[in-house]
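Working notes for the structure below.
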Amino acid sequence: MAEQSLTGGRLAVNAAFLKDIKDDNRDLKILFDRIDVLMRTEQAAAHHWPELLQLWADLRDQLALHFGLEEAYGYFDLVDDAHASLNSVALSLKSQHTGLFEAMRHLVETAEKASVGEPSVEGAIPEVTTAQEKVMHRFEAFLNEFKAHEESELKLILDALDEDIGTVD
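Quick note: to get the numbering used here, add 16 to the position in the sequence shown (first position is 1).
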């Protein structure tokens, strides 16, 4: 186990835990890639709706693991008082996990309703006519929000490294 001194504490990095994070990222990429293939056209999505429903449900479950691993890994808690601006960003990003997970959970529920022909899908886009199309647009919005969140997390990690948190010069 590698350890790194921090102001006010120690960070222990477990290699097995890092493997879990790496596996999680690979699994997320596989799910996103499979969903992307089925959503390239509305016809493909309509023909593969049951598979798409299962992939979205799998994604919801994988996101629960993903966010749990990120929070357990502790990079949200590594910033000391000397780096308050990074701490503020970390707390903000951590707080987004619940909203992102709930958005995906709600999308799965809505997609299941769309598969049984329930016509009302909240947040309707006027030019989109079917419930399935509405769900697909909602997923695209979720995907954009998730990507922005992940990019912000990466930026936080890079900023923390740039500020040399936890190292002694």
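C-beta atoms are modelled at their ideal positions from N, C-alpha and C, and glycine is treated no differently.
**Message:** I need the straight-line Cα distance from Ala130 to Glu149, nearest angstrom please.
**Reply:** Here residue 130 refers to the residue found at position 114 of the sequence shown. Here residue 149 refers to the residue found at position 133 of the sequence shown. So the two alpha carbons sit approximately 9 Å from each other.
**Asked** CA-CA distance, Ala119 and Leu68?
**Response** Counting from 1 along the sequence shown, the entry for residue 119 is found at position 103. Counting from 1 along the sequence shown, the entry for residue 68 is found at position 52. A direct Cα-to-Cα measurement between Ala119 and Leu68 gives close to 16 Å.
**Message:** If the criterion is Cβ atoms closer than 9 Å, does the pair Phe83 and Phe117 meet it?
**Reply:** Counting from 1 along the sequence shown, the entry for residue 83 is found at position 67. Counting from 1 along the sequence shown, the entry for residue 117 is found at position 101. Contact flag set, yes.
**Asked** Does DSSP classify Arg56 as helix, strand or coil?
**Response** The residue given as residue 56 occupies position 40 in the sequence shown. Correct three-state label for Arg56: coil.
**Prompt:** Where does Thr126 sit, in a helix, a strand or coil, going by DSSP?
**Reply:** Here residue 126 refers to the residue found at position 110 when the sequence shown is read from its first residue. Here Thr126 sits in helix by DSSP.
**Coarse secondary structure for Val144, derived from DSSP in three states** = Along the sequence shown, one-based indexing puts residue 144 at 128. Annotation note: pLDDT 44 at Val144 (below 50); position unreliable, no value reported.
**Prompt:** What's the gap between the Cα of Leu47 and the Cα of Leu123?
**Reply:** Mapped onto the sequence shown, residue 47 falls at position 31. Mapped onto the sequence shown, residue 123 falls at position 107. Their backbone Cα atoms lie some 16 Å apart in a straight line.
**Prompt:** Per DSSP, what kind of secondary structure is His64 in: helix, strand or coil?
**Reply:** For the purposes of this step, residue 64 is taken as residue 48 along the sequence shown, with counting starting at 1. Coil, per DSSP.
**Classification of Thr126 by the beta-carbon crowding that lies within 10 angstroms, buried from 16 upward** = Here residue 126 is taken as the residue at index 110 of the sequence shown, counted from 1. Answer is buried; the Cβ neighbour count reaches 16.
**Asked** By the 10 Å Cβ neighbour count, where 16 or more other Cβ atoms means buried, how is Arg76 classified, buried or exposed?
**Response** Your numbering for residue 76 matches position 60 in the sequence shown. Arg76 should be labelled buried.
**Prompt:** My guess is that Arg42 and Leu71 are in contact by the Cβ rule of under 8 Å, so how many angstroms apart are they, rounded?
**Reply:** Within the sequence shown, numbered from 1, the residue matching residue 42 stands at position 26. Within the sequence shown, numbered from 1, the residue matching residue 71 stands at position 55. Actually they are not in contact, since the Cβ atoms of Arg42 and Leu71 sit about 16 Å apart, beyond 8 Å.
**Prompt:** How many Å lie between His63 and Met55 at the Cα?
**Reply:** Sequence index remark: in the sequence shown, residue 63 carries index 47 (1-based). Sequence index remark: in the sequence shown, residue 55 carries index 39 (1-based). Cα to Cα, His63 sits roughly 10 Å from Met55.
**Message:** Can you tell me whether Ala60 sits near the ligand MN, meaning its C-beta is under 8 Å from at least one heavy atom of the ligand?
**Reply:** As far as ligands go, the structure on display features none, and thus does not contain the ligand MN.
**Message:** Quick check on this structure: which residue in Leu107, Phe158, Ala176, Leu79 has the alpha carbon closest to the alpha carbon of Asp40?
**Reply:** Within the sequence shown, numbered from 1, the residue matching residue 40 stands at position 24. Of Leu107, Phe158, Ala176, Leu79, the residue nearest in Cα terms is Leu79.
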